[in-house]
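Below: the structure, in structure tokens.
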Amino acid sequence: MRDEMLKDIISEENLVYKKTDLMTDNVLSYCPGCGHGTAHRIIMEVVDEMGLQEETIGIAPVGCSVLAYEFMNIDMQQAAHGRAPALATGIKKTWPEKFVFTYQGDGDLAAIGTAETLHACNRGENILIVFINNGIYGMTGGQMAPTTLSGMKTSTTPFGRDTALMGNPLKITELVAELPGTQFVTRQAVHTPAAVRKAKKAIKKSIELQRSGNSGTTFVEIVSNCNSGWKLPPVQANKWMVENMFPFYPLGDIKVNGELVK
Amino acid sequence: MAKVKGAVIVDTERCKGCEVCIDACPTDVLAMSKEVNSKGYHYSFMANPDACIGCANCAIVCPDGVITVYKKKLDQ
Ligand SMILES: Cc1ncc(C[n+]2csc(CCOP(=O)(O)OP(=O)(O)O)c2C)c(N)n1
Ligand code: SF4
Ligand code: SF4
Ligand code: SF4
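Chains H and R, in that order, are what the protein sequence lines are.
Once you know that position 19 of the first sequence is 0 in the numbering used here, the rest is easy, because the numbers rise by one and skip nothing.
Take the position in the second sequence, starting the count at 1, then add 6; the result is the number in the numbering used here.
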């Protein structure tokens, strides 16, 4: 009886959700529960829904998402560590009609790539920067990043980040919001269905801005988990993120229409 | 009265057993299998299929995009 009922429900006309074809069928190289996969998927869903597969060029970083071009079914180029905004600048200037975005972790964007990030945003390059902030260098074994919270344990801060010795965590998203070249700056997350829907709306708004006026950089931070680096099971890592990351990195829009949100 | 009934299909070979979908399901449909897939991961399955409302919450948060969701209005 139950099997028959399921058979009746599971058919093409009753489909409400399936993975977009703009995500390839390659198995993601990410750890179980890692937010990178969800972040990839919502970007590809928006590109798909806006019919921009042929018009989009993405830049992959160095970090866990170095292989993003294996997973996103669009044209992509992988950049040297931290140089994604510079590469995106060149590509956008060569093909101004394309939609160009970078996808970068916090080690890539806010450590080795700080100069490229700040200058691209200050010049107001017409690109979208997607910034995955998990507060750690995931790929290389969970070392401290500029974004690591005060007191947070990493493999290079086993007793917690001591800000007197190791400096303060960097809110680079607030920093780029101060620059005249950015038009839309927001901080989102992808740990719950509601958060994913909101983050997807922010990506959509960013891409629409890029398609309409080419009037500056759009910047979407996604506060995400690194279960392996944080040494927590995925669901607990998400709870830890809510309790510890969100108070320091509060979610919401930081700059809209070129104006800082009060 | 029309009642909405949902169902999900998990690509069990690609599931990594992270349990994020279980946490996101409002009606406690999903659970982890006792069995493992060929990579050694326990996988998510509908332990309580009657409760599924087809809201797609599980699929939206699945980092690996392995859940497909269906929904139908049933006449009672
Ligand atoms: C020029 C250079 N310096 C250092 C490295 C080593 N390295 C690889 S990934 C990485 C940091 C990645 O961290 P993040 O950008 O936060 O991405 P995640 O892996 O956490 O997603 C570093 C330092 C490198 N590959 N190239
Ligand atoms: S190491 Fe961290 S960031 Fe990298 S895939 Fe694993 S959980 Fe994700
Ligand atoms: S579709 Fe909704 S009700 Fe059904 S299993 Fe997924 S989260 Fe639960
Ligand atoms: S969220 Fe996806 S990968 Fe994680 S357990 Fe559920 S179905 Fe498997």
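The beta carbon of each residue, even a glycine, is placed where N, CA and C say it ideally should be.
Model, not experiment: these values are computed from the prediction.
How is tyrosine 50 of chain H classed by DSSP in three states: helix, strand or coil?
As a first step, residue 50 of chain H must be located in the first sequence, where it is residue number 69. The answer is helix: DSSP assigns tyrosine 50 of chain H an H, G or I state.
How many angstroms separate the CA atom of alanine 49 of chain H from the CA atom of aspartate 81 of chain R?
For the purposes of this step, residue 49 of chain H is taken as the residue at position 68 of the first sequence. For the purposes of this step, residue 81 of chain R is taken as the residue at position 75 of the second sequence. Answer to the nearest angstrom: the Cα atoms are 45 Å apart.
Closest Cβ-Cβ distance between isoleucine 86 of chain R and chain H: below 8 Å?
With chain R covering only 7 through 82, there is no way to say anything about residue 86 of chain R.
Collect the residues with a C-beta less than 6 Å away from any heavy atom of ligand 2 and give them in sequence order along the chain.
H/Tyr11, H/Cys12, H/Cys15, H/His17, H/Cys45, H/Asn115, H/Gly119, H/Met120, H/Cys207, H/Asn208, H/Ser209 and H/Gly210
Can you find at least 3 beta carbon pairs, one from the stretch 20 to 39 of chain R and one from the stretch 200 to 219 of chain H, that sit closer than 8 Å?
Taking 8 Å as the limit for Cβ pairs, the verdict is that the stretch 200 to 219 of chain H does touch the stretch 20 to 39 of chain R.
Could you check whether the Cβ of leucine 62 of chain H sits closer than 7 Å to any heavy atom belonging to ligand 1?
Against the first sequence, residue 62 of chain H aligns to sequence position 81. According to the sequence provided, residue 62 of chain H is histidine. The question's leucine does not apply to it. Answer for histidine 62 of chain H: yes, Cβ within range of ligand 1.
Can you find a heavy atom of ligand 3 that lies under 7 Å from the Cβ of threonine -9 of chain H?
If you number the first sequence from 1, residue -9 of chain H lands on position 10. Looking at the sequence itself, residue -9 of chain H is isoleucine, so the reference to threonine does not match. No, since every heavy atom of ligand 3 falls outside the 7 Å radius drawn around the Cβ of isoleucine -9 of chain H.
When you measure from the CB of valine 216 of chain H to every non-hydrogen atom of ligand 3, does any distance come out below 7 Å?
As a first step, residue 216 of chain H must be located in the first sequence, where it is residue number 235. Checking the Cβ of valine 216 of chain H against ligand 3 gives no.
With a cut-off of 8 Å, does the C-beta of cysteine 15 of chain H fall near any C-beta of chain R?
Residue 15 of chain H sits at position 34 when you count from the first residue of the first sequence. Taking Cβ atoms only, chain R reaches closer than 8 Å to cysteine 15 of chain H, which makes this a yes.
Buried or exposed (CB count within 10 angstroms, at least 16 for buried), glycine 71 of chain R:
Within the second sequence, residue 71 of chain R is the residue found at index 65, counting from 1. Label assigned to glycine 71 of chain R: buried.
Chain H residues whose Cβ lies nearer than 7 Å to that of aspartate 92 of chain R:
A query on residue 92 of chain R cannot be resolved here, the shown segment of chain R reaching from 7 to 82 and no further.
Please confirm whether any heavy atom of ligand 3 lies closer than 7 Å to the CB of leucine 36 of chain R.
If you number the second sequence from 1, residue 36 of chain R lands on position 30. Leucine 36 of chain R: yes, Cβ under 7 Å from ligand 3.
For isoleucine 168 of chain H, report the span of its beta strand (DSSP E) as first-last.
If you number the first sequence from 1, residue 168 of chain H lands on position 187. In the sequence under discussion, the amino acid at residue 168 of chain H is arginine, which differs from the isoleucine named in the question. That run of the beta strand (DSSP E) goes 163 to 170.
According to DSSP, residues forming a beta bridge with aspartate 234 of chain H:
Working through the first sequence from its first residue, we reach residue 234 of chain H at position 253. In DSSP, aspartate 234 of chain H forms a bridge with H/Thr167.
Are the C-beta of alanine 30 of chain R and some C-beta of chain H separated by less than 8 Å?
Counting from 1 along the second sequence, the entry for residue 30 of chain R is found at position 24. So, interface residue.
Quick check on glycine 105 of chain H: does DSSP put it in helix, strand or coil?
Taking the first sequence and counting its residues from 1, one reaches residue 105 of chain H at position 124. Note: glycine 105 of chain H maps to coil in three-state DSSP.
For phenylalanine 229 of chain H, which option in H/Val242, H/Gly32 and H/Asn149 has the closest C-alpha, if you only look at C-alpha atoms?
Taking the first residue of the first sequence as 1, we reach residue 229 of chain H at position 248. When C-alpha distances from phenylalanine 229 of chain H are compared across H/Val242, H/Gly32 and H/Asn149, the shortest belongs to H/Asn149.
When the Cα atoms are used, what is the spatial distance from threonine 121 of chain H to threonine 83 of chain H?
In the first sequence, the residue the question calls residue 121 of chain H occupies position 140. In the first sequence, the residue the question calls residue 83 of chain H occupies position 102. Linking threonine 121 of chain H to threonine 83 of chain H through their CA atoms gives a straight-line distance of about 20 Å.
Taking Cβ-Cβ distances shorter than 8 Å, what residues in chain H pair up with threonine 74 of chain R?
Against the second sequence, residue 74 of chain R aligns to sequence position 68. Ordered by position in chain H, the residues that pass the 8 Å Cβ test against threonine 74 of chain R are Leu(-4), Tyr(-2), Lys(-1) and Lys0.
Do you know whose CA, among H/Gly44, H/Arg22 and H/Lys0, lies nearest glycine 210 of chain H's CA?
Position 229 of the first sequence, counted from the start, is the residue given in the question as residue 210 of chain H. For glycine 210 of chain H, the nearest C-alpha among the options comes from H/Gly44.
Would you say glutamate 41 of chain R lies against chain H (beta-carbon separation less than 8 Å)?
Walking along the second sequence from the start, residue 41 of chain R turns up at place 35. It does not; no Cβ of chain H falls within 8 Å.
Would you give the residue range spanned by the alpha helix (DSSP H) that glutamine 85 of chain H belongs to?
If you number the first sequence from 1, residue 85 of chain H lands on position 104. Where glutamine 85 of chain H is concerned, there is no enclosing alpha helix (DSSP H), although the beta strand (DSSP E) it sits in stretches over 80 to 86.
Can you list, in chain order, the residues of its chain whose CB lies under 8 Å from that of lysine 40 of chain R, leaving out five sequence neighbours each side?
The residue you call residue 40 of chain R lines up with position 34 of the second sequence. Closer than 8 Å at Cβ, skipping near neighbours: His48.
Check each candidate in H/Asn107, H/Ala92, H/Gly105 and H/Ala183 and name the one with the smallest Cα separation from glutamate 124 of chain H.
For the purposes of this step, residue 124 of chain H is taken as the residue at position 143 of the first sequence. Going by the sequence as given, residue 124 of chain H is glutamine instead of glutamate. Here the closest residue by C-alpha is H/Ala92.
Are glutamate 202 of chain H and threonine 154 of chain H close, meaning C-beta to C-beta below 8 Å?
As a position in the first sequence, residue 202 of chain H is number 221, starting the count at 1. As a position in the first sequence, residue 154 of chain H is number 173, starting the count at 1. Closer than 8 Å, so yes.
Of the residues H/Glu240, H/Lys(-1), H/Lys79 and H/Gln59, the one placed nearest valine 157 of chain H, counting alpha carbons only:
Locating residue 157 of chain H in the first sequence gives position 176, where the first residue counts as 1. Checked all of H/Glu240, H/Lys(-1), H/Lys79 and H/Gln59; the closest Cα to valine 157 of chain H is H/Glu240.
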